[in-house]
Structure formats: structure tokens, C-alpha cells
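Numbering (our numbering), first residue to last: 20 to 297.
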């Protein structure tokens, strides 16, 4: 699978939480890492994370302004000390956003409102049966309630798969009614170790891209990813392995990587004393 290694200077940073998840997405990057899936840091206070302050200093030193809470194999809203962590990072002078599946969004509205950068919810389908095929759960996110209760704006991330590829344009149309939704990102699955298993899903993303490119004209680009206006919303075709964007990554077991290819960065650094400072 083609990887664009001509990356820009890192422009943001991620904190990749590790632990059990409330979804079991078949394409999850955590499945590429094997035994790492058994590590649970969701109940460990961030002050006990190895190399964490060192990572924040690295970000400061390299003029990183934005840090995003995400998951290597879990959802950041599951983290026990989330509210404290948000305050800690903000007090260090960073903007902080989140990448979440949104399952706990209604329970964590207060935490979401504390964020001062982008909020991203993953909604891969609006159909409960399709949702089960993708995430292992029949429960879809109640975006209508989230949108009404939350003051913040947000984006939606949709991972295109073999199961939802024929629903994408309809999903975009249905989501377009939400005024707080700033834009929609269509994502391609990424893998370093399971290409044969996920090949159909990578092909599905390319098929959706072809359909959109045939029907709509791109209005602009972001780090090489084309952006289209569909039903009044900006829609980005985001194939992370092919874009030029770059980031620093921290994993809650103490590993630090400057590799935007998350799995590759993790695996390359796992035997380097738990860290790799650039």
C-alpha cells in the first residue's frame, strides 16, 4: 500500500490512549499491534504515564500548538481522569481537541465543552445493522441529541468500508442538516499488518472517491486531500497514508514517535526503552 513519506513538519500532536473499547471496529489500528491490545491505561492517572511531561516538552520545543486525544485501540471518553487531563494540557498552553466514537458523548458533555479545539465524532452509518457489522454494536450515535445539548461545533469522521460504501452520499445528505457540523471527513482504513484482510475496504474507499469525483468538483485541498461541497457541507477525501500531514504521537505506555503512520511508529519504537525523542 502506497505511503507518502514526503511529510510536512509535524503540525499537531496526538495522545493515543490504550485500553478496552466500547466498540469493536474490525478495521481498528489496535488490531495491527497484537499484544498491545491487552494493555489498559484507562484507569491510570496521567501523572503516572511514563515520559508524558517529556512528550509535552517535545511538543513545546517544536512549536506544536494543538494536541488531540484519540485512541490506539480505545475511545478517549472512557479515560477515568479525562477532565483533569484536559485541564492539565490547557494549563500547559496547548489547544486540545478529541477524536471519539461519540458513544459516551451525552454523558461527557461537560468534558467536551471544556475542549478548545476540534471535536470529531465517528459516525460510519445511520443503519443499526450496518453499524453492527462495522463496530460490533447495534447502537448508533444519537447526533440529534448531541447537537442540541452541545454548544461546540464539531466534525464527523466516516470510515468507508465494504459495508457502508453504498450509503455514503445518503449519510452525508442526512448529516447536512446539522448547523454545528463544520465538515465531514471520509477516511480510508489504514493498516501495516492486515492488508489482505482489509483490501476490500481500501477498494471501497477508492470506489467512493471515484463516484464523488465524477459527480462533484473539488473546491480546494488540505495537505493533498481533495475537498468537495456536497449538500452544503465540505467533504474531505482523507487517505491518511497518502496525505502530507505529519504529527507527533504519544502512547500511554510511554512510547513517543514522530511518525504519522501510527502503527509503524509504535512498532518501530516499542523496543527503544519506551521512547524515541526527536
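Even glycine gets a Cβ: it sits at the ideal position worked out from N, Cα and C.
Using 10 angstroms around the beta-carbon of residue 236, count the other beta-carbons present and answer buried if the total reaches 16, otherwise exposed. Exposed.
Indicate the three-state DSSP secondary structure (helix, strand or coil) for residue 214 in the structure shown. The answer is helix: DSSP assigns residue 214 an H, G or I state.
On the criterion of 16 or more Cβ atoms from any shown chain inside 10 Å, does residue 298 qualify as buried, or is it exposed? Nothing about residue 298 can be read from this structure; the chain reaches only from 20 to 297.
How would you write the range of the beta strand (DSSP E) that residue 238 sits in, first residue to last? That run of the beta strand (DSSP E) goes 237-241.
Between the alpha carbons of residue 276 and residue 268, how many angstroms are there, rounded? If I take the Cα positions, the gap works out to 5 Å.
Local conformation of residue 232 per DSSP, three classes: It is helical.
Grouping DSSP H, G and I as helix and E and B as strand, with all else coil, what is residue 55? In this predicted model, residue 55 has a pLDDT of only 49, less than 50, meaning its place in the structure is not dependable; the value taken from the coordinates is given anyway. Residue 55: helix per DSSP, three-state reduction.
Would you check if the stretch 177-187 and the stretch 233-247 touch, i.e. whether three or more CB-CB distances between them fall below 8 Å? Two segments are said to touch when three or more pairs of C-beta atoms, one from each, lie closer than 8 Å; by this definition the stretch 233-247 does not touch the stretch 177-187.
Quick check: the Cα distance between residue 201 and residue 60, rounded to an integer number of angstroms? Between residue 201 and residue 60, the C-alpha separation is close to 32 Å.
Helix, strand or coil at residue 181 [DSSP, three-state]: DSSP, reduced to helix, strand and coil, places residue 181 outside both helices and strands of the structure shown, so it counts as coil.
Do the stretch 207-218 and the stretch 155-167 meet, that is, are 3 or more Cβ pairs less than 8 Å apart? No: fewer than three Cβ pairs fall under 8 Å.
Measure how close the beta-carbons of residue 271 and residue 68 come, nearest whole angstrom, since I'm counting them as under 8 Å. That belief holds up - the Cβ atoms of residue 271 and residue 68 are roughly 5 Å apart, short of 8 Å.
Roughly how many angstroms lie between the CA atoms of residue 172 and residue 219, to the nearest whole one? Distance between the alpha carbons of residue 172 and residue 219 is about 33 Å.
First through last residue of the alpha helix (DSSP H) which encompasses residue 253: From DSSP, residue 253 is part of no alpha helix (DSSP H) but of the beta strand (DSSP E) over 252-257.
Residue from 256, 140, 79, 215 whose Cα sits closest to the Cα of residue 29: Taking each of 256, 140, 79, 215 in turn and checking the Cα distance to residue 29, the smallest one comes out for 79.
Quick check on the burial criterion: 16 or more other C-beta atoms within 10 angstroms. Buried or exposed for residue 72? Result: exposed.
Residue 92 versus residue 51 - alpha carbon distance: A direct Cα-Cα distance of roughly 10 Å separates residue 92 from residue 51.
Leaving out five residues on either side along the sequence, give the residues of the same chain with a beta carbon under 7 Å from the beta carbon of residue 156. The beta carbon of residue 156 lies closer than 7 Å to those of 42, 150 in the same chain, with the five residues before and after it left out.
In chain order, which continuous runs of the alpha helix (DSSP H) of length 4 or greater are located wholly inside the stretch 44-107? DSSP runs (the alpha helix (DSSP H)) wholly in the stretch 44-107: 71-80.
In this structure, does DSSP put residue 124 in helix, strand or coil? DSSP places residue 124 in coil when its eight states are reduced to three.
Let's see if you can read the secondary structure: which residues bound the alpha helix (DSSP H) around residue 154? Here the alpha helix (DSSP H) through residue 154 covers 147-154.
One question on the structure: do residue 113 and residue 133 come within less than 8 Å of each other, judged by their Cβ atoms? No. Outside cutoff.
CA-to-CA distance, residue 130 to residue 81, given in whole angstroms: Each residue's alpha carbon lies about 27 Å from the other.
Assuming residue 31 and residue 108 are in contact, meaning their beta carbons sit under 8 Å apart, how far apart are those beta carbons, in whole angstroms? Not really, about 13 Å apart at Cβ, beyond 8 Å.
Sorted by chain position, which residues of the same chain lie with C-beta nearer than 6 Å to residue 55's C-beta, five sequence neighbours on each side aside? Confidence in residue 55 is poor, its pLDDT being 49 and thus under 50, which makes the residue's placement unreliable; the coordinate value appears in the next sentence. Closer than 6 Å at Cβ, skipping near neighbours: no residue.
Residue 204 lies in the beta strand (DSSP E); which residues open and close that run? Under the DSSP assignment, residue 204 falls in the beta strand (DSSP E) whose first and last residues are 200-206.
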